[in-house]
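Chains as they are written, first to last, in this note's numbering: chain P, 733 to 1139; chain F, 733 to 1139.
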């Protein structure tokens, strides 16, 4: 029951010059499911990534960080679903390395030019025979016009494939940005991961791309939450192939225009994860304005977004202001003057001066709550910083999905 | 569906010399419910309290802090259910003060010798006419042998009254400790609060009692969680009447023996709240051992205790180790070496060296998970600090209770 999930077709997804995608059904966990994705990148492609902060990070995350640090030029990505290769110790690390080595051999590149990704059950080892046997088929399928299949190939319990594609004119040329994502909560059976990949044919230097990836991630994949559980495998990768012939440099207007479009692609990909969140029936934007700094803005936004009481109230379409105020209050922000805070549900001014707004009526709140998409806006009047976090409600279906025994 | 909730009878609850309790049905929110409690304390009673850290703290909490700070000697407490008097601005503060003043007049004491407490709906004003009209009846009922009625009088959506009573022999005399608590999650309709009151006939100086109250609270009411939502009204009060003739001083063996018993009473009262948690079907102790410091021990324990994925897995009796490991991993403890962590479900060694224990079988885990009461023990091997947090599982019933429209 995804919330306002847009229709996505293969035709909408523009190929990105220099990026070929191929998939296979390797039978890693289930038969008859695309579960292996290979992405081949043209030479000179710059690649940057951000990864989970979970101390229990998965073997492929460790290998990704190591290979990126070696700066040999990333030429391929390999993603499997069905098994997360997390909590798997030394053998897990060896299996991730071996996957890279086998793919590198078949593509004629170096092991360290491959980034591996896994998502699925944790505490189990990769079925290496199946995985490696699937590589030739994935390589055979490699083509630029394959983003929709790629989006399907990385799905686990996602109910819909997630992809966004945009084009922008810069210096008289068309720059393309196309991306895919997956994730729906950290879920049965330990299907953990949020994955995001965006490719562009723009040219961006490594240092600029590294900066950009962090900034973009912060306002997209690092601004969503379904249940507050950070997975062991979360990864977000940006690839810039330089094939458009346009090189963009930080500080120019062209760069800014490009960065804004990239941000839109990333934000929409992140929001698609929330819209398809486990059991989601509502899509909520928690906007905190006029905070003293970014940290407190995000802290309050997450406090509201994580509150089971706020989330169940939204599920029930209940304009339960007390729960929102309480969640703001326990966010742990020092010297918070609650009498100075204004709270809005969409455009309805619901709370002021530490209590209900005098003009507010329950009918106004109810009208907003009946919508599938709602903005909670919290104005702190402490400074100029702001943050937005996107989340979904908490339903019976969420409990059903996550209480279901692994099978 | 409370979990292993003990049978509590009026006869088990020893009166405490110098403490009289009286209740009334004031009709604050519902008819035919005890909703007003007055506690009268003998002169010379020392009283200490700890309160919610929520920035949206309720009017009575502010008044309590103010009256305690004035050190005039607390002689009475007044508790109402049905309305939390939170998010009520200046009028709320005036109402809490007026409640104290009216009770003080009838008892012949000073306004500042009264502590007020409220629990119930937030963002609504106290029905002062009903509340004040109920005071004479509550005063008329005042008697020492009234703890069971008092436990009932402070219930909101609690399904069972919560009380603990113990006696200990010190210096040839019997010292009595009796307490009551309430709370079941921060719940419909914004029934927020955790309240706890313990009285003893021991004599304890104000400074010692202040220290003791903080320590005791830390290992009892500040070590439980149902949904992670901190209420606007949480309060915990200890009263020492000196009526036993035994005075206890910090640093003596007698004091330590008394403090241990007091800790037991507080811990059991706190655990009763979890056992009667909304929708609870399991009672879980999350024990973190060999941490570098108390803070990181508690942080990891709460990370596991708050994870919706861990809580739904326990609801399903699913020995889902991956979710526990992931929650440890994202607790935000710096330089956590996950390969050094051992995890036990009761006595079963389930995880070691960053993965599943080699001897662990799913059948062993399943056997533990089928129990109603389970200990998750996490050994970090970083130092000598430890912490325990008690929590319950996350069920369909929790969503049903909290998604139910306020009515």
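Each residue gets a CB set at the ideal place from its N, CA and C atoms; glycine is no exception.
Note that this is a predicted model, so its numbers are computed, not measured.
Express the C-alpha separation of residue 955/P and residue 991/F in angstroms, rounding to a whole number.
Here the question's residue 991/F lines up with position 259 in the second chain. Here the question's residue 955/P lines up with position 223 in the first chain. Those two C-alpha atoms are separated by around 46 Å.
In or out: residue 922/F buried (at least 16 other Cβ within 10 Å) or exposed?
In the second chain, counting from the first residue as 1, residue 922/F sits at position 190. Confidence in residue 922/F is poor, its pLDDT being 38 and thus under 50, which makes the residue's placement too unreliable to answer from.
Using three-state DSSP, classify residue 1015/P as helix, strand or coil.
Within the first chain, the letter at position 283 stands for residue 1015/P. Three-state result, residue 1015/P: strand.
Considering only residues of the same chain and omitting the five flanking positions on each side of residue 875/P, which have a CB-CB separation below 8 Å?
Here residue 875/P refers to the residue found at position 143 of the first chain. Here the set comprises 752, 753 and 754.
Three-state secondary structure assigned by DSSP to residue 868/F
If you number the second chain from 1, residue 868/F lands on position 136. Helix, per DSSP.
Partner residues on chain F for residue 1068/P, Cβ-Cβ distance less than 7 Å:
In the first chain, residue 1068/P corresponds to position 336, counting from 1. What residue 1068/P touches in chain F: 787.
Chain-ordered neighbours of residue 1131/P on chain F, where CB pairs are closer than 8 Å:
Numbered from its first residue, the first chain carries residue 1131/P at position 399. Near residue 1131/P (Cβ distances below 8 Å), the residues of chain F are 1044, 1047, 1126, 1127, 1128, 1130 and 1131.
Just the C-alpha distance for residue 802/P and residue 846/P, rounded to the nearest angstrom, thanks.
The sequence position of residue 802/P within the first chain is 70, counting from 1. The sequence position of residue 846/P within the first chain is 114, counting from 1. When rounded, the distance between both Cα atoms is 11 Å.
State the Cα-Cα distance for the pair residue 878/F and residue 911/F, rounded to the nearest angstrom.
Here residue 878/F corresponds to residue number 146 of the second chain, with the count starting at 1. Here residue 911/F corresponds to residue number 179 of the second chain, with the count starting at 1. One C-alpha to the other measures close to 12 Å.
Within 7 Å of chain F by C-beta, residues of the region 808-838 of chain P in sequence order
819, 820 and 821
What does DSSP give as the partner residue(s) for residue 897/P in the beta ladder?
Locating residue 897/P in the first chain gives position 165, counting from the first residue. For residue 897/P, which the question treats as bridged, DSSP gives the partners 910/P.
Neighbourhood of residue 747/P by C-beta distance below 6 Å, restricted to the same chain and skipping five residues each side:
Position 15 of the first chain, counting from 1, holds the residue named residue 747/P. If we look at residue 747/P and ignore the five residues flanking it on each side, its Cβ neighbours are 876 and 877.
Just checking my contact of residue 1024/P with residue 1115/P at CB under 8 Å: how many whole Å lie between their CB atoms?
Taking the first residue of the first chain as 1, we reach residue 1024/P at position 292. Taking the first residue of the first chain as 1, we reach residue 1115/P at position 383. About 4 Å separates the two Cβ atoms, so the contact holds.
Status (buried if at least 16 other CB within 10 Å, exposed otherwise) for residue 924/P:
Position 192 of the first chain, counted from the first residue, corresponds to residue 924/P. Residue confidence for residue 924/P is low, a pLDDT of 48 falling below 50, so the modelled location carries little weight; the figure read from the coordinates is stated next. It counts as buried.
Return helix, strand or coil for residue 815/F, following the three-state DSSP convention.
Looking up residue 815/F in the second chain gives position 83. Correct three-state label for residue 815/F: strand.
Straight-line gap, residue 836/P to residue 842/P (C-alpha atoms, nearest Å):
Along the first chain, one-based indexing puts residue 836/P at 104. Along the first chain, one-based indexing puts residue 842/P at 110. Their Cα atoms are separated by approximately 6 Å.
Should residue 699/F be flagged as near chain P, meaning a C-beta pair shorter than 9 Å?
The structure shown does not extend to residue 699/F, since chain F spans only 733 to 1139, so no value can be given for it.
Chain-order list of residues whose beta-carbon lies under 7 Å from that of residue 764/F (same chain, five-residue window excluded)
Here the question's residue 764/F lines up with position 32 in the second chain. These residues qualify, in order along the chain: 757.
Check the Cβ of residue 1053/F against every Cβ in chain P and list those closer than 7 Å, keeping chain order.
Here residue 1053/F refers to the residue found at position 321 of the second chain. In chain order: 855.
By Cβ distance below 7 Å, which residues in the same chain neighbour residue 1059/P in space, the five residues on each side in sequence not counted?
Locating residue 1059/P in the first chain gives position 327, counting from the first residue. Correct list, in chain order: 1035, 1036, 1039 and 1042.
I think residue 1020/P touches residue 1112/P, with their Cβ atoms under 8 Å apart; what is that distance to the nearest whole Å?
Counting from 1 along the first chain, the entry for residue 1020/P is found at position 288. Counting from 1 along the first chain, the entry for residue 1112/P is found at position 380. With 8 Å as the limit, residue 1020/P and residue 1112/P qualify as a contact, their Cβ atoms being about 7 Å apart.
Taking the C-alpha atoms as reference points, what is the distance between residue 1070/P and residue 1061/P?
Sequence index remark: in the first chain, residue 1070/P carries index 338 (1-based). Sequence index remark: in the first chain, residue 1061/P carries index 329 (1-based). Residue 1070/P and residue 1061/P: Cα-Cα distance of roughly 8 Å.
Checking contacts by CB at 9 Å: is residue 767/P closer than that to chain F?
As a first step, residue 767/P must be located in the first chain, where it is residue number 35. Judged by the 9 Å Cβ criterion, residue 767/P is not in contact with chain F.
Check whether residue 964/F and residue 827/F have beta carbons under 9 Å apart:
Residue 964/F sits at position 232 when you count from the first residue of the second chain. Residue 827/F sits at position 95 when you count from the first residue of the second chain. Not a contact, by the Cβ cut-off of 9 Å.
Nearest-angstrom Cα separation, counted from residue 987/P out to residue 937/P
Position 205 of the first chain, counting from 1, holds the residue named residue 937/P. Position 255 of the first chain, counting from 1, holds the residue named residue 987/P. In a straight line, the C-alpha of residue 937/P is about 12 Å away from that of residue 987/P.
Does residue 1025/P come within less than 9 Å of chain F when only Cβ atoms are used?
Residue numbering aside, residue 1025/P sits at position 293 when the first chain is read from its first letter. Answer no: the Cβ-Cβ gap between residue 1025/P and chain F never drops below 9 Å.
Within the 9 Å Cβ cut-off, does residue 1119/P reach chain F?
As a working mapping, residue 1119/P is identified with position 387 in the first chain. Residue 1119/P does not count as touching chain F.
What's the call for residue 778/F, buried or exposed, on a 16-neighbour Cβ count within 10 Å?
Against the second chain, residue 778/F aligns to sequence position 46. So residue 778/F counts as buried.
Have a look at residue 1083/F and residue 1022/F and give me their C-alpha separation to the nearest angstrom.
Taking the second chain and counting its residues from 1, one reaches residue 1083/F at position 351. Taking the second chain and counting its residues from 1, one reaches residue 1022/F at position 290. If I take the Cα positions, the gap works out to 16 Å.
So which residues on chain F does residue 754/P lean against when the C-beta distance must stay under 7 Å?
By one-based count along the first chain, residue 754/P stands at place 22. Going along chain F, no residue has its Cβ under 7 Å from residue 754/P, so there is no contact; the nearest lies around 30 Å.
I need the boundaries of the beta strand (DSSP E) containing residue 1094/P, first residue and last residue.
What you label residue 1094/P is simply residue 362 of the first chain in a count that begins at 1. It is not in any beta strand (DSSP E) - residue 1094/P instead sits in the alpha helix (DSSP H) that spans 1094-1101.
Uninterrupted beta strand (DSSP E) stretches inside the region 964-1020 of chain P (no shorter than 3 residues):
967-972
Show which residues of chain P have a CB atom less than 7 Å away from the CB atom of residue 963/F.
Taking the second chain and counting its residues from 1, the one referred to as residue 963/F is at position 231. The contacting residues are 1058.
Under 7 Å from the C-beta of residue 724/P: neighbouring residues of chain F
With chain P covering 733 to 1139 only, the question about residue 724/P has no answer from this structure.
For the region 768-796 of chain F, which segments carrying the beta strand (DSSP E) assignment without a break, of at least 3 residues, lie completely within its bounds, in sequence order?
768-773 and 778-783
Quick check on DSSP: helix, strand or coil for residue 1090/F?
Residue mapping note: residue 1090/F aligns to position 358 of the second chain, counting from 1. Note: residue 1090/F maps to coil in three-state DSSP.
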